[in-house]
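So in the working numbering, the last spot in the sequence shown is 105, and the numbers never skip. We put the CB at the ideal spot given by N, CA and C, even for glycine. Note that the coordinates shown come from a computational prediction; the quantities given were computed from them, not determined experimentally.
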Amino acid sequence: MSRELTATQRAKGEASAGLIHRELEKARTEGDVSETRIATALEHLGCGKQHGVYVGNGFYSVHTGDVCVSGHVTEKELTLQIHGAYAEPQPGMGPCVENRGGH
3 MSRELTATQR AKGEASAGLI HRELEKARTE GDVSETRIAT ALEHLGCGKQ
53 HGVYVGNGFY SVHTGDVCVS GHVTEKELTL QIHGAYAEPQ PGMGPCVENR
103 GGH
C-alpha cells in the first residue's frame with residue numbers, strides 16, 4: 003500500500019505530473035515510446051536513477067522526493083497517477099513500484 007498524501011504533497015505532485023506529461027507526450031507524438039526515449043525525456047526534467055526513476059514495458063515511475071508520479075506510455079495512450087511511495091517497493095525498481103511479492 004502506498005503512503006497517503008497531504009494536500010500540499012498532492013499539489014506538488016500535480017505540478018510535477020504536468021511537467022512529466024508534457025515531456026512524455028512529446029515522445030509519444032514523435033512516435034518513439036522506447037524505454038531509452040522515455041528515460042531521456044525524464045532525464046530532460048532532471049529525473050534519473052537518483053530520483054527512483056523506473057522505465058520498463060511501457061510503465062514509468064518517478065519519485066519527486068514528495069510523491070510518486072507513475073503510469074503507462076504507449077503509442078496510443080499516456081496515463082498518469084500521483085501517489086505516495088510504497089513502504090515495501092518492488093526491489094530494484096525504486097520507491098514507486100508496488101511489490102508484486104508477498105510476505
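Just the C-alpha distance for residue i and residue j, rounded to the nearest angstrom, thanks.
i      : j      : result
HIS105 : CYS70  : Residue placement at HIS105 is poorly supported in this model, since its pLDDT is 46, which falls under 50; the coordinates are not used for a value here.
SER36  : ASP68  : 27 Å
THR31  : HIS46  : 17 Å
ARG5   : LEU21  : 22 Å
HIS74  : GLU100 : 14 Å
GLY15  : ILE84  : 6 Å
Compare the C-alpha of residue i against each of the options and name the closest.
i     : options                    : result
ARG39 : GLN52, GLY96, GLY58        : GLY58
GLY33 : THR76, MET95, GLN52, GLN92 : THR76
PRO93 : GLY103, HIS85, ILE84       : GLY103
GLY60 : ALA41, ALA17, LYS51        : ALA41
Grab the span of the beta strand (DSSP E) containing residue i for me, first residue to last.
i     : result
GLY92 : One point to set straight first is that residue 92 is Gln, not Gly, in the sequence displayed. First-last for GLN92: undefined, no H or E at that position.
SER72 : 70 to 74
SER63 : 61 to 65
Check for me: the alpha helix (DSSP H) holding residue i runs from which residue to which?
i     : result
HIS53 : That residue, HIS53, is in no alpha helix (DSSP H); it is neither H nor E in DSSP.
SER18 : 9 to 32
Leaving out the 5 sequence neighbours to the left and right, which residues in its chain are closer than 6 Å to residue i when beta-carbon positions are compared?
i     : result
ALA43 : GLU25, LEU26, ALA29
CYS49 : VAL55, VAL64
Near residue i, what residues of its chain come up, given a Cβ to Cβ distance below 8 Å and the 5 sequence neighbours on each side ignored?
i     : result
PRO97 : GLY54, HIS65, CYS70, ALA87, TYR88, PRO91
LEU80 : HIS23, LEU26, GLU27, ARG30, GLY73, HIS74
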